[in-house]
Amino acid sequence: MHLECHTETIIYSATSADPEAVSFLQRKTAHDDRLLGGLLADGFDQKSCHSRHQSAVYRRNAGRQPSHHLISKLRSHEALQRRCGPGTAAYTNALEQLKSGRSVASPECRYLVSISYRGLGNRILAAASAFLYALLTDRVLLVDPSHMTDELFCEPFPNTTWLLPPGFPLFNYQSFYLDTPERFGRMREDGVLRTGVTNGSAPAELPAFAYIHLDYNQTDHDKLFFCDDDQRVLRDIQWLVMRTDSYIVPGLFLVKAFEEELDGLFPERDAVFHHLGRYLFHPTNQVWGLIARYYRAHLASARRVVGIQVRVFPWEAESPEILEQIKTCTQNERLLPAVLDEVEDDEPAVAGAQQPTAVLVTSLKAWYSDKMKEMYWERAAADGRVVVVEQPSHEETQRYNVRSHEHKAWAEVYLLSVADMLVTTGQSTFGYVAQGLGGLKPWVLHHVANGTVGWPCSRDVSMEPCFHVPPQYDCKRREDAGLVVPHVRHCGDLPAGLKLVDRRECHTVL
Ligand code: GDP
576 MHLECHTETI IYSATSADPE AVSFLQRKTA HDDRLLGGLL ADGFDQKSCH SRHQSAVYRR
636 NAGRQPSHHL ISKLRSHEAL QRRCGPGTAA YTNALEQLKS GRSVASPECR YLVSISYRGL
696 GNRILAAASA FLYALLTDRV LLVDPSHMTD ELFCEPFPNT TWLLPPGFPL FNYQSFYLDT
756 PERFGRMRED GVLRTGVTNG SAPAELPAFA YIHLDYNQTD HDKLFFCDDD QRVLRDIQWL
816 VMRTDSYIVP GLFLVKAFEE ELDGLFPERD AVFHHLGRYL FHPTNQVWGL IARYYRAHLA
876 SARRVVGIQV RVFPWEAESP EILEQIKTCT QNERLLPAVL DEVEDDEPAV AGAQQPTAVL
936 VTSLKAWYSD KMKEMYWERA AADGRVVVVE QPSHEETQRY NVRSHEHKAW AEVYLLSVAD
996 MLVTTGQSTF GYVAQGLGGL KPWVLHHVAN GTVGWPCSRD VSMEPCFHVP PQYDCKRRED
1056 AGLVVPHVRH CGDLPAGLKL VDRRECHTVL
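According to this note's numbering, the sequence shown is numbered sequentially starting from 576.
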């Protein structure tokens, strides 16, 4: 059995996103649009987080509509976060229980602590994944406040906090790793926790917490997390601490017990991160300032904005091959015009003033955008259009916990997401976040191997991020995990990975 998906041809119509039809300044949004069709709760203090209410004006692509079920689930989850979150009696009781080291029967509230680590894209995907797991299992989500979470994102839940407060009894939780005795996979391997025996068993037999290790080096026992039997055991443990830097959501779609609920929440399988991301991640006012000022200065008056994410590493030399790949990709796919070889006199005549095409390049290096800029200045575009190439920053190195660096990275991910069309670098979580927030199915640049590029880029099958280190097999039948359900498939940019695709794009071939 194999699964086939059809890719869609480019759709770029004046009715959907052409700012020649609707300019930035004219764009008005209805109240419901500002709340993204009911995805966002009303009643937040607008001044404390401008992005939450202004983002709809900046987005050229309105995005997908959330299902009614998702909207009502979010409202009831917000109530749970308020009822059980930090500062409540329930939270104090749960901390006491955790300190005692004993589990409790039918606890009033259960918790999931998500550890933050690695780059911004990784952290965003991990938090979104943890949130979906919390939503499916009725747990309160608390995120590790390290890596400037509070400086980058507004609080997502009204009248409570999602930040794990100081004084958490598992004081070394940020360094939980493979050797942590309470690692779920280890407890399963050692027989401390067994499936099938917890139902009805005394809660004292269960630990007060379990550590879920889903980093790249997870063991086969850790991967049991994606199995129904193991989910039944985890359900009865009051505190879970999770480490992942990945988008584990496709793995949750393999758990039978979650199937029906996920069906109702996300009838469009390819818009899961799109909704979760737009719900959770609102830039703080400081980051929003970077976004809004850049947008107004460089993108607002453009006819079309093409975002190009060039993910290079600090130690890599400038690559003429990658530059060629970007040019060939954008021109072959008709995202950008080709340039003329002829002298200036032969430049195509264009009547009247015209709005330029803006190219937003993000990269750690300036070389790629400098070369593109040079090309469109020195030579005329074949269609006579003006192409303006800009890059907000070139940080040269990757840094962690440096305020201005983190702010710029988040602002650039966000700016990419407001483009009309997007070119990304395969396997980069930075690009995944931009495509998902923007509701954009990207053109993905293939990796240059040994200085040669086979095919410059191809259109992704969905805007969903790829889960880089998924379980290889389904729990029961040991079937290839990418063949179990039609909407979970292997990723184009990383064949071992898994990603969600819309069911309507796939059919099963027997
Ligand atoms: P990934 O490593 O490509 O999956 O993306 P991550 O976002 O997880 O990690 C890369 C980190 O490098 C980011 O968080 C930034 O700190 C930095 N970085 C990489 N590319 C860019 C870029 O284009 N612009 C900026 N400002 N920072 C970048």
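Think of the CB as a built atom: it goes at the ideal place given N, C-alpha and C, for glycine as much as any other residue.
Determine whether the beta carbon atoms of residue i and residue j lie at a separation below 8 Å.
i	j	result
residue 1035	residue 843	no
residue 808	residue 688	no
residue 524	residue 943	The question about residue 524 has no answer here: the residues shown for the chain are numbered 576 through 1085.
residue 635	residue 934	no
residue 887	residue 855	no
residue 890	residue 625	no
residue 783	residue 749	no
residue 936	residue 966	yes
residue 821	residue 643	no
residue 857	residue 729	yes
residue 791	residue 758	no
residue 1031	residue 1020	yes
residue 861	residue 982	yes
residue 974	residue 723	no
residue 618	residue 641	no
residue 727	residue 882	no
residue 781	residue 811	yes
Which word fits residue i, buried or exposed, when buried means at least 16 other C-beta atoms lie within 10 angstroms of its C-beta?
i	result
residue 953	exposed
residue 775	The predicted model places residue 775 with a pLDDT of 48, which falls under 50 and marks its position as unreliable; any figure quoted below should be read in that light. The residue in question, residue 775, is exposed, as its Cβ has fewer than 16 Cβ neighbours within 10 Å.
residue 719	buried
residue 1045	buried
residue 884	buried
residue 916	exposed
residue 669	buried
residue 1082	Confidence is the limiting factor: at residue 1082 the pLDDT is only 48, short of 50, which leaves the residue's position unreliable, though a coordinate-based value still follows. Burial call: exposed.
residue 1068	buried
residue 859	buried
residue 623	exposed
residue 630	buried
residue 742	exposed
residue 909	exposed
residue 984	buried
residue 1086	The shown model of the chain, from 576 to 1085, leaves out residue 1086, and the question about it has no answer.
Just the Cα atoms here: how many angstroms apart are residue i and residue j?
i	j	result
residue 931	residue 945	18 Å
residue 970	residue 754	35 Å
residue 1037	residue 677	44 Å
residue 988	residue 1008	7 Å
residue 721	residue 691	7 Å
residue 704	residue 824	6 Å
residue 902	residue 947	8 Å
residue 740	residue 667	12 Å
residue 609	residue 638	12 Å
residue 1012	residue 853	6 Å
residue 532	residue 649	There is no way to answer for residue 532, as the model of the chain reaches only from 576 to 1085.
residue 714	residue 832	16 Å
residue 1065	residue 708	21 Å
residue 929	residue 1017	26 Å
residue 840	residue 706	13 Å
residue 845	residue 675	43 Å
residue 804	residue 880	48 Å
residue 1109	residue 731	Examination of residue 1109 is not possible in this model, given that the chain is present from 576 through 1085 alone.
residue 593	residue 756	Below a pLDDT of 50, predicted positions are generally treated as unreliable, and residue 593, at 47, falls in that range; no measurement from the model is reported.
residue 826	residue 1053	14 Å
residue 717	residue 764	27 Å
residue 1062	residue 838	11 Å
I think residue i touches residue j, with their Cβ atoms under 8 Å apart; what is that distance to the nearest whole Å?
i	j	result
residue 700	residue 1070	Wrong, their Cβ atoms sit about 19 Å apart, outside the cutoff.
residue 539	residue 788	Because the chain here runs from 576 to 1085, residue 539 falls outside it and cannot be looked at.
residue 828	residue 1060	7 Å
residue 914	residue 950	6 Å
residue 627	residue 645	Residue 627 to residue 645, Cβ: 18 Å. No contact.
residue 540	residue 1056	Outside the modelled stretch of the chain, which goes from 576 to 1085, sits residue 540, for which no answer is possible.
residue 911	residue 963	With a Cβ gap of about 11 Å, residue 911 and residue 963 do not count as contacting.
residue 836	residue 711	6 Å
residue 1095	residue 806	With the chain represented from 576 up to 1085, any question about residue 1095 goes unanswered, as that position is not in the structure.
Next on the checklist: Can you confirm whether the region 689-696 touches the region 998-1014 when touching is taken to mean that 3 or more C-beta pairs between the two stretches lie within less than 8 Å?
Outcome noted: yes
Next on the checklist: Taking contact to mean 3 or more Cβ pairs, one atom from each stretch, closer than 8 Å, check whether the region 651-658 and the region 670-681 are in contact.
Outcome noted: no
Next on the checklist: For the region 796-812 against the region 1042-1058, do three or more pairs of beta-carbon atoms, one drawn from each stretch, fall closer than 8 Å, so that the two count as touching?
Outcome noted: yes
Next on the checklist: Quick check: the region 957-964 against the region 860-872, are at least 3 beta-carbon pairs closer than 8 Å?
Outcome noted: no
Item to check | Given 8 Å, three or more beta-carbon pairs between the region 657-666 and the region 729-747 | outcome: yes
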